[in-house]
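Novice: If you scroll down you'll find the structure; I have some questions about it.
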Amino acid sequence: MSDDIRQRVRVIVAEQAMIDVEQVSPESTMDDLGLDSLGLVEIVFAIEEEFGVSVPYNANEPNSEEFDISTVKAVEDGVIKLTAEKV
Amino acid sequence: MRRVVVTGTGVVSALGIGYDAHVDALRAGRSGIGPIELIETEGLTIGIAAEAKGYVATDHFTKNELTLRDRVTQMALTATEEAVARSGIDFTDDLGMRTATIIGTSMGGQHTQDDNYRLIYRDGKQRVHPFTVPKLMSNAPASWISMEHGLKGPAWSISTACASSNHAIGQAFHMIRGGMADVAVTGGCESGLTYGVLKAWEGLRVMSKDTCRPFSKTRNGMVQGEGAAILVLEDLDAAKARGANILGEIVGFGMTADANDIVQPSLDGATRAMRAALADAGLDGSEIAYINAHGTATAANDKTECAAIRNVFGDHADRLLVSSTKSMHGHCIGAAGALEMAATLSALGSGIVPPTANFEEPDPDCDLDVVPNEAREADVPFALSNSFAFGGLNAVLVARRFDD
């Protein structure tokens, strides 16, 4: 279940970064992937649509602990938590 | 070249109805930000705004008049009524021909659009109200102002997002200075607190959930507002000849485009706009005592704006007072520059500089005197008012205290 979520998050990130999903590693930061703040906002939107969740992300507080976006893995963990809270 | 003075101001904002109410609240550092009551907020993540709660449509318009006037037009007309009355100007046929009407608004009649689109998209209705088009069009406020006051000179609306008002006031100033018009009714209006518009802003992830804290380290985004502010600008000699009360003088206007990014601010574009405004005014910068900042309370704007002020003013930046009154009247987008010019004129006239409200903690990236939380008495011979719009369109005005 959580592996499936991780894969779906990576597909979203890869699509936004315009790279193959295999090139997205858990340790990648948004910077590594060439994603700026607009790219990140689009990823958050795609995640909300894909998983039916509401992501507490504010572009003014990128380092907020509410939703960690420091690495791809952090985003995956955040989505797993949000989907678990949903049910 | 002719000199251009302000002889009337009118305001509708979250701080009250009327210029005096607006200015009194600014001086008291009282914020108009609070829970949204105008529309149903269920389903919105952001439930706050600077809503003009004191504005009651039926206090100002008959039922018939409201059929043709969106809330944004109502606010513009209400502010115009006050500005014209305060200026004491009499728009005779001849003067009406020589008067320009230039009004900024970013989004026009959003309540009309939202209400009517909801009817057809959600409720499955087959038709919308017959006056939907004339109510929602962005030039409706300018057209209504010209119609109600008999202003038959150049008239149009300007839409440059958050800089709309400054572009409007600047154009009006240059037209009078250059002789294309003798008088101008100018300013801006915005009333976009609708479900659709607020959802759109939420999507950008730049909105604060609690309040607007410009320049504070703890700032977490902007807060939407609504309102209108209108100025009557006149050629100085004509204003003097009729014994008008002169509230201040507009002496410079500069505009630039970043040509860079659709949402990110630019240090270069903002710097060049302030320099252009000072050059237009024939000033070197050392005369400026106060800057009414764009100050949206987003992470990016405030940091970039402070750096741009340092670029332009050098050491003098440390002697400037810089405040963002958006902390109190919210970000009124197309009306922002006009509401802020009202604040700027009040500082010039009284020597009381409005504060940056809701300030909590200094940010090393915004290390200017941002007049935290309490109004300050100061000698303000000249002031700057900044507007930097999404899309990288910048407009800066320079105003001078009138003590001729």
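These protein sequence lines are chains A and B, in that order.
Residues in the first sequence are numbered consecutively from 1, following the working numbering.
Residues in the second sequence are numbered consecutively from 1001, following the working numbering.
Glycine included, C-beta positions come from ideal geometry on N, C-alpha and C.
(1) From residue 1310 of chain B to residue 1338 of chain B, what does the alpha carbon distance come to, in whole angstroms?
(2) Using a 10 Å radius around the Cβ and a threshold of 16 neighbouring Cβ atoms, would you call residue 1205 of chain B buried or exposed?
(3) Any beta carbon of chain A sitting closer than 8 Å to that of residue 970 of chain B?
(4) Which same chain residues, not among the five before or five after residue 1398 of chain B, have their C-beta less than 6 Å away from its C-beta?
(5) Using 8 Å as the limit for Cβ to Cβ distance, is residue 82 of chain A near chain B?
(6) Can you list, in chain order, the residues of the stretch 1303-1333 of chain B whose Cβ is nearer than 9 Å to any Cβ on chain A?
(7) What are the boundary residues of the beta strand (DSSP E) that residue 1133 of chain B is part of?
(8) Return yes when the Cβ of residue 1114 of chain B is within less than 8 Å of the Cβ of residue 1194 of chain B, no when it is not.
(9) Are there three or more Cβ pairs, one per stretch, closer than 8 Å when the stretch 1237-1244 of chain B is compared with the stretch 1013-1032 of chain B?
(10) Check whether the Cβ of residue 1225 of chain B lies closer than 8 Å to any Cβ atom in chain A.
(11) Is the Cβ of residue 1221 of chain B closer than 8 Å to any Cβ of chain A?
(12) Give the interface partners of residue 1263 of chain B over in chain A, defined as CB-CB distance under 7 Å, in chain order.
(13) Please say whether residue 1389 of chain B and residue 1161 of chain B have beta carbons closer to each other than 8 Å?
(14) When you compare the CB of residue 1197 of chain B with every CB in chain A, is at least one pair closer than 8 Å?
(15) What separation, rounded to the nearest whole angstrom, lies between the Cα atoms of residue 1127 of chain B and residue 1106 of chain B?
(16) Listing by chain order, which chain A residues have their CB less than 9 Å from the CB of residue 1298 of chain B?
(17) Just to confirm, is the Cβ distance from residue 1344 of chain B to residue 1185 of chain B under 8 Å?
(18) Restricting to Cα atoms, I'd like to know which of B:1262, B:1172 and B:1297 is closest to residue 1219 of chain B.
(19) So which residues on chain B does residue 45 of chain A lean against when the C-beta distance must stay under 7 Å?
(20) Check the Cβ-Cβ distances between residue 1206 of chain B and every residue of chain A, and say whether any is below 8 Å.
(21) Would you verify that the beta carbon of residue 1356 of chain B is, or is not, closer than 8 Å to some beta carbon of chain A?
(22) In this structure, does DSSP put residue 1454 of chain B in helix, strand or coil?
(23) Do residue 5 of chain A and residue 79 of chain A have their C-beta atoms closer together than 8 Å?
(24) Roughly how many whole angstroms lie between the Cα atoms of residue 1096 of chain B and residue 1016 of chain B?
(25) Can you pull the chain A residues whose beta carbon is under 9 Å from the beta carbon of residue 1045 of chain B, in chain order?
(26) In chain order, what residues of the same chain lie with their CB nearer than 7 Å to the CB of residue 30 of chain A, ignoring the 5 residues before and after it?
(27) Nearest to residue 1150 of chain B by alpha carbon, out of B:1087, B:1092 and B:1134?
(28) Find the nearest neighbour of residue 1222 of chain B within the set B:1301, B:1260, B:1265 and B:1189, judged by alpha-carbon distance.
Specialist: Result, derived from the coordinates:
(1) In the second sequence, the residue the question calls residue 1310 of chain B occupies position 310. In the second sequence, the residue the question calls residue 1338 of chain B occupies position 338. Distance between the alpha carbons of residue 1310 of chain B and residue 1338 of chain B: 24 Å.
(2) Here residue 1205 of chain B refers to the residue found at position 205 when the second sequence is read from its first residue. Counting the other Cβ atoms within 10 Å of the Cβ of residue 1205 of chain B gives 16 or more, which makes it buried.
(3) Outside the shown range of chain B, which is 1001 to 1404, sits residue 970 of chain B, and nothing can be said about it.
(4) In the second sequence, the residue the question calls residue 1398 of chain B occupies position 398. Excluding its 5 nearest sequence neighbours in each direction, residue 1398 of chain B has C-beta neighbours in its own chain below 6 Å: 1251, 1252, 1277, 1281 and 1384, listed in chain order.
(5) Locating residue 82 of chain A in the first sequence gives position 82, where the first residue counts as 1. At a cut-off of 8 Å, the C-beta of residue 82 of chain A has no neighbouring C-beta in chain B.
(6) The stretch 1303-1333 of chain B vs chain A, Cβ under 9 Å: nothing.
(7) Counted from its first residue, the second sequence places residue 1133 of chain B at position 133. Run containing residue 1133 of chain B: none in the beta strand (DSSP E); it sits in the alpha helix (DSSP H), 1132-1136.
(8) If you number the second sequence from 1, residue 1194 of chain B lands on position 194. If you number the second sequence from 1, residue 1114 of chain B lands on position 114. Result yes, Cβ atoms of residue 1194 of chain B and residue 1114 of chain B sit closer than 8 Å.
(9) Counting Cβ pairs under 8 Å, fewer than three are found: no touch.
(10) By 1-based counting over the second sequence, the position of residue 1225 of chain B is 225. Not one beta carbon of chain A lies nearer than 8 Å to the beta carbon of residue 1225 of chain B.
(11) As a working note, residue 1221 of chain B is residue 221 in the second sequence. True, the Cβ-Cβ gap to chain A drops below 8 Å.
(12) Taking the first residue of the second sequence as position 1, residue 1263 of chain B is located at position 263. Within chain A, the residues whose beta carbon sits less than 7 Å from that of residue 1263 of chain B are 38, listed in sequence order.
(13) Here residue 1161 of chain B corresponds to residue number 161 of the second sequence, with the count starting at 1. Here residue 1389 of chain B corresponds to residue number 389 of the second sequence, with the count starting at 1. Yes, Cβ-Cβ distance for residue 1161 of chain B and residue 1389 of chain B is below 8 Å.
(14) Along the second sequence, read from residue 1 onward, the residue named residue 1197 of chain B stands at position 197. With 8 Å as the cut-off, residue 1197 of chain B does not count as an interface residue toward chain A.
(15) By 1-based counting over the second sequence, the position of residue 1127 of chain B is 127. By 1-based counting over the second sequence, the position of residue 1106 of chain B is 106. Using only the alpha carbons, I get a separation of about 26 Å.
(16) By 1-based counting over the second sequence, the position of residue 1298 of chain B is 298. Here the neighbours are 59 and 60.
(17) In the second sequence, residue 1344 of chain B corresponds to position 344, counting from 1. In the second sequence, residue 1185 of chain B corresponds to position 185, counting from 1. The answer is no: Cβ separation not under 8 Å.
(18) Counting from 1 along the second sequence, the entry for residue 1219 of chain B is found at position 219. Closest in alpha carbon position to residue 1219 of chain B, among B:1262, B:1172 and B:1297, is B:1297.
(19) The count along the first sequence starts at 1 and reaches residue 45 of chain A at position 45. Within chain B, the residues near residue 45 of chain A are 1203.
(20) Locating residue 1206 of chain B in the second sequence gives position 206, counting from the first residue. Interface with chain A (8 Å Cβ-Cβ cutoff): residue 1206 of chain B is included.
(21) If you number the second sequence from 1, residue 1356 of chain B lands on position 356. Closer than 8 Å: no.
(22) Because chain B spans 1001 through 1404 in this model, residue 1454 of chain B falls outside it and cannot be assessed.
(23) As a position in the first sequence, residue 5 of chain A is number 5, starting the count at 1. As a position in the first sequence, residue 79 of chain A is number 79, starting the count at 1. For residue 5 of chain A and residue 79 of chain A, yes; Cβs fall inside 8 Å.
(24) Residue mapping note: residue 1096 of chain B aligns to position 96 of the second sequence, counting from 1. Residue mapping note: residue 1016 of chain B aligns to position 16 of the second sequence, counting from 1. Rounded to the nearest angstrom, the gap between the Cα atoms of residue 1096 of chain B and residue 1016 of chain B is 30 Å.
(25) As a first step, residue 1045 of chain B is located in the second sequence; it is residue number 45 there, counting from the start. The contacting residues are 54 and 56.
(26) If you number the first sequence from 1, residue 30 of chain A lands on position 30. The answer, listed in chain order, is 40 and 69.
(27) Within the second sequence, numbered from 1, the residue matching residue 1150 of chain B stands at position 150. With distances taken between Cα atoms, residue 1150 of chain B lies closest to B:1092.
(28) Numbered from its first residue, the second sequence carries residue 1222 of chain B at position 222. Taking only the C-alpha atoms, the option nearest residue 1222 of chain B is B:1301.
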